[in-house]
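**Q** One structure is given below, represented as structure tokens, and several questions about it will come after.
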Amino acid sequence: PRGDFDLNDFYSAVIGDGIAEAQNIRVGDKILLYSPRDIDSIMQSLDRMEKAGDEDGRKEEIDEIREMTAPQEVTVTGIFDSGHWDFDSNIVFVHLETAQVLYNFNLEECHGIAVRTDDGFKANEYQEIFYSILPQQYRVMTWAEMHKLVFDAVATERQAMYLILFIIMIVGSFGIMSTIITITVQKRTEIGLLKALGSVEGQIAWVFLFQGMLVGLAGVVVGLLLAQLTLYFRNDMAGWIGANFGVDIFSEEIYKVDGGLPAKQTLRDSVIISVAAFLACTFAALVPALIAATMQPAKALRSE
Numbered sequence: 020p021r022g023d024f025d026l027n028d029f030y031s032a033v034i035g036d037g038i039a040e041a042q043n044i045r046v047g048d049k050i051l052l053y054s055p056r057d058i059d060s061i062m063q064s065l066d067r068m069e070k071a072g073d074e075d076g077r078k079e080e081i082d083e084i085r086e087m088t089a090p091q092e093v094t095v096t097g098i099f100d101s102g103h104w105d106f107d108s109n110i111v112f113v114h115l116e117t118a119q120v121l122y123n124f125n126l127e128e129c130h131g132i133a134v135r136t137d138d139g140f141k142a143n144e145y146q147e148i149f150y151s152i153l154p155q156q157y158r159v160m161t162w163a164e165m166h167k168l169v170f171d172a173v174a175t176e177r178q179a180m181y182l183i184l185f186i187i188m189i190v191g192s193f194g195i196m197s198t199i200i201t202i203t204v205q206k207r208t209e210i211g212l213l214k215a216l217g218s219v220e221g222q223i224a225w226v227f228l229f230q231g232m233l234v235g236l237a238g239v240v241v242g243l244l245l246a247q248l249t250l251y252f253r254n255d256m257a258g259w260i261g262a263n264f265g266v267d268i269f270s271e272e273i274y275k276v277d278g279g280l281p282a283k284q285t286l287r288d289s290v291i292i293s294v295a296a297f298l299a300c301t302f303a304a305l306v307p308a309l310i311a312a313t314m315q316p317a318k319a320l321r322s323e
């Protein structure tokens with residue numbers, strides 16, 4: 020943030036960092052603000068101008084259009100950076116009376132009023148209160164309703180990520196299963212010898228089941244460490260990929276967020292994914308463990 024954010028002056032304005040960078044605007048520069056307040060009136064004036072037969076009539080309509088589209092000159096006193104690309108690239112703050120003049124409003128009129136609460140999660144409660152005291156023609160929207168499409172998209176992506184992780188774990192489980200089955204076949208002589216010496220089926224099965232559990236535990240530990248490193252260096256990795264391959268994996272213009280790739284790690288997600296991965300490895304070892312447990316010692320020793 021740069022400059023002064025006091026909007027007591029009628030001719031002052033505070034703009035977003037995105038607008039300032041796009042238009043090369045600095046604190047102290049003067050800018051012109053236009054308003055679409057009179058688009059209908061402008062179109063009507065253009066129609067009348069086309070129908071006007073004399074030059075005086077056309078000149079009068081042109082002067083009227085120029086008056087309606089007259090910009091308001093203001094001075095940029097501050098530049099804010101909210102961390103949200105969509106806000107920083109589209110929002111300009113001005114004095115209330117300046118906005119009323121731009122939109123040809125009376126001093127008692129405005130498009131809407133923004134209310135900030137102490138607890139954003141109680142927005143629905145405040146919404147009910149406002150509805151109870153305001154006339155029916157007024158509409159009260161919470162921040163969740165205003166950004167419903169964004170939250171729905173995030174929820175859909177979250178569900179898709181869980182599905183992708185589940186598929187990855189299933190594929191990995193089959194890989195672990197095939198590896199342990201291969202070990203079981205290679206160790207059939209040792210299995211037959213253990214059974215001949217008196218080992219029961221449960222003991223043989225536990226050996227291979229424990230091997231699957233060790234693989235799962237090691238995978239969970241290594242996966243958590245790699246996940247922490249990836250989250251910590253996520254912006255550096257994204258920058259390196261963009262610099263070397265020309266691929267912008269996190270476009271600010273698309274995702275409407277600047278300042279890097281945001282990330283939030285929750286204990287619940289980490290526990291769920293870790294437990295699911297460990298159980299998948301354990302169940303993957305169950306099949307080769309049963310194969311080893313049911314192997315006949317005579318056949319196992321004879322095959323050698």
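Residue numbers (this note's numbering): 20 to 323.
Even glycine gets a Cβ: it sits at the ideal position worked out from N, Cα and C.
Between which two residues does the alpha helix (DSSP H) harbouring Ala32 extend?
**A** Element bounds for Ala32: not the alpha helix (DSSP H) but the beta strand (DSSP E), 31-35.
**Q** Would you identify the three-state DSSP class for Leu26, choosing helix, strand or coil?
**A** It is coil, neither helix nor strand.
**Q** For Asp267 and Gly261, which I take to be in contact (beta-carbon distance under 8 Å), what is that distance rounded to the nearest angstrom?
**A** Yes, Asp267 and Gly261 are in contact; Cβ-Cβ is about 5 Å, under 8 Å.
**Q** Relative to the C-alpha of Val239, which residue among Ala299, Gln42, Leu115 is closest?
**A** Among Ala299, Gln42, Leu115, the Cα nearest to that of Val239 is on Ala299.
**Q** What runs of the alpha helix (DSSP H), each 4 residues or longer, lie entirely inside the segment 230-265?
**A** Here the runs fully enclosed are 253-264.
**Q** Flag this pair as yes or no: are the beta carbons of Phe297 and Gly235 separated by less than 8 Å?
**A** In this structure, Gly235 lies closer than 8 Å to Phe297 by Cβ.
**Q** Just the C-alpha distance for Ala311 and Gly194, rounded to the nearest angstrom, thanks.
**A** C-alpha separation (whole angstroms): 18 Å.
**Q** What are the partner residues of Glu92, as DSSP defines its beta bridges?
**A** Answer is Leu51.
**Q** Could you pull the start and end residues of the beta strand (DSSP E) that Phe124 belongs to?
**A** Taken as a continuous stretch (DSSP letters only), Phe124 belongs to no beta strand (DSSP E), as it is neither H nor E.
**Q** Assign Asp107 to buried or exposed, taking buried as 16 or more other Cβ atoms, counted over all protein chains shown, within 10 Å of its Cβ.
**A** Buried, by the Cβ-count rule.
**Q** Check whether chain B comes within 8 Å of His166, counting only Cβ atoms and requiring the distance to be less than that.
**A** Given the protein chain composition of this structure (a single chain), no chain B is represented.
**Q** Give me the DSSP bridge partner(s) of Ile98.
**A** DSSP output for Ile98 lists Arg21, Ile34 as bridge partner(s).
**Q** Is the Cβ-Cβ distance between Thr96 and Phe29 less than 8 Å?
**A** Cβ atoms of Thr96 and Phe29: not closer than 8 Å.
**Q** Looking at the structure shown, is Val159 part of a helix, part of a strand, or coil, going by DSSP?
**A** Of the three classes helix, strand and coil, the one that applies to Val159 here is coil, per DSSP.
**Q** Identify whether Val290 lies in helix, strand or coil by the three-state DSSP scheme.
**A** Here Val290 sits in helix by DSSP.
**Q** Kindly give me the distance between the Cβ atoms of Gln91 and Leu52, rounded to whole angstroms, as I take these residues to be in contact under 8 Å.
**A** With 8 Å as the limit, Gln91 and Leu52 qualify as a contact, their Cβ atoms being about 5 Å apart.
**Q** Compare the beta carbon distance of Leu26 and Phe112 with 8 Å and say whether it is the shorter of the two.
**A** Yes; because the gap between Cβ atoms is below 8 Å, this pair is in contact.
**Q** Suppose you measure from the CA of Leu153 to the CA of Phe302; what does that come to, to the nearest Å?
**A** If you take the alpha carbons of Leu153 and Phe302, they lie about 60 Å apart.
**Q** Quick check on the burial criterion: 16 or more other C-beta atoms within 10 angstroms. Buried or exposed for Ile210?
**A** Counting Cβ neighbours within 10 Å, Ile210 comes out buried, since at least 16 surround it.
**Q** Near Lys214, what residues of its chain come up, given a Cβ to Cβ distance below 6 Å and the 5 sequence neighbours on each side ignored?
**A** Pro316.
**Q** So Val190 is in the alpha helix (DSSP H); what residue range does that whole segment cover?
**A** From DSSP, the alpha helix (DSSP H) with Val190 extends over 167-205.
**Q** Based on the DSSP output, what are the partners of Val134 in its beta bridges?
**A** Per DSSP, none; premise fails for Val134.
**Q** Verify the contact flag: Ala179, CB atom, against every heavy atom of the ligand NAD, threshold strictly below 7 Å.
**A** No copy of the ligand NAD appears in this structure; indeed no ligand is present at all.
**Q** When the Cα of Ala295 is compared with those of Ile189, Asp105, Arg135, which residue comes out closest?
**A** Comparing Cα positions, the closest option is Ile189.
**Q** Could you tell me which of Val241, Leu280, Gln230 sits nearest to Phe392, measuring between CA atoms?
**A** In the structure as shown, the chain begins at 20 and stops at 323. Residue 392 is therefore absent and cannot be evaluated.
**Q** Enumerate in chain order the residues of its own chain whose CB-to-CB distance from Glu220 is below 6 Å, with the five nearest sequence positions on each side excluded.
**A** Cβ neighbours of Glu220 beyond the five flanking positions: Ala312.
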